[in-house]
Ligand SMILES: N[C@@H](CCC(=O)N[C@@H](CS)C(=O)NCC(=O)O)C(=O)O
């Protein structure tokens, strides 16, 4: 049984749960409250010295952190990872971009606005600029696929899972997804395909 240490408000953590469910890997969840500093306790740092969720403990006791690394491990051999080498590399391209460009703007602005309850004036204005640019890039890529497809190839892949995590909740960060209609339609498609369900009682 896989143990996921995560915070339910975190898209990075939910990604891992969605992929575990999708590939049929039995999992259990241990709640770690980021806002209460539970990623900084000695007990937690003994599991992940980086002091971040998600982190998973495998059935044999091995530990793995970083949401996208965990998803790749869980999805190995599944249809979430393209077999074609170029498509697989394109999936990685989106996943690296998600971590370096998309998440640091969109997830961070959402955290400041929705969870730290900062007013717009207290939030670094660059986050809105960078987040809108990221959504614009996704809009162009998805619109070029006639607004019907996935980010890579002709099926859902980890690129879609990685990017939907914070795109679907971007409005909580003050981003208006109606400006990006192809993105909005893609979010609904990915949510239905995974599927993303309301959190069931644990
Ligand atoms: N690149 C990491 C980011 C992990 C991350 O930023 N985790 C946040 C929650 S989304 C966290 O644990 N923050 C608590 C802290 O830094 O103390 C991943 O994708 O797993």
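Numbering (my numbering), first residue to last: 2 to 203.
C-beta: ideal position from N, C-alpha, C; glycine also.
Just so it is clear, the structure is predicted and the values come from calculations on it, not from any experiment.
Rounded to a whole number of angstroms, what is the C-alpha to C-alpha distance between residue 18 and residue 25?
10 Å
Please find out if some non-hydrogen atom of ligand 1 comes closer than 8 Å to the beta-carbon of residue 55.
At a cut-off of 8 Å, the beta-carbon of residue 55 counts as near ligand 1: some heavy atom of the ligand is closer than that.
Below 8 Å on the Cβ atoms is my guess for residue 135 versus residue 12; work out the distance and round it to an integer in Å.
Not really, about 14 Å apart at Cβ, beyond 8 Å.
Is it buried or exposed, residue 8, if we count other Cβ atoms within 10 angstroms and call 16 or more buried?
Residue 8 is buried by the Cβ-count criterion.
When you compare only the Cα positions, how much space is there between residue 120 and residue 59?
40 Å
Any heavy atom of ligand 1 closer than 8 Å to the Cβ of residue 66?
yes
State whether the segment 84-99 contacts the segment 161-174, with contact taken as three or more CB pairs (one from each stretch) at a distance under 8 Å.
yes
For residue 115 and residue 174, believed in contact at Cβ under 8 Å, the rounded distance:
7 Å
Flag residue 11 as yes when its Cβ comes closer than 8 Å to any non-hydrogen atom of ligand 2, and as no otherwise.
Absence of ligand 2 from the depicted structure is noted, with ligand 1 being the only ligands included.
Whether residue 1 touches residue 102 by CB criterion (9 Å):
Here the chain has residues from 2 to 203 only, and residue 1 is not among them.
So for residue 203, helix, strand or coil by DSSP?
Any answer about residue 203 is weak, because its pLDDT of 48 lies below 50 and its placement is not dependable; what the coordinates show is given next. DSSP, reduced to helix, strand and coil, places residue 203 outside both helices and strands of the structure shown, so it counts as coil.
Counted within 10 angstroms of its Cβ, other Cβ atoms place residue 15 as buried (16 or more) or exposed
buried
One question on the structure: do residue 81 and residue 143 come within less than 9 Å of each other, judged by their Cβ atoms?
no
Could you name the residues of the same chain whose beta carbon sits closer than 7 Å to that of residue 62, not counting the 5 residues immediately before and after it, in chain order?
none
Environment of residue 179 [buried if 16+ CB atoms lie within 10 Å]
exposed
Compare the Cα-Cα distances from residue 85 to each of 94, 154, 53 and report the closest residue.
154
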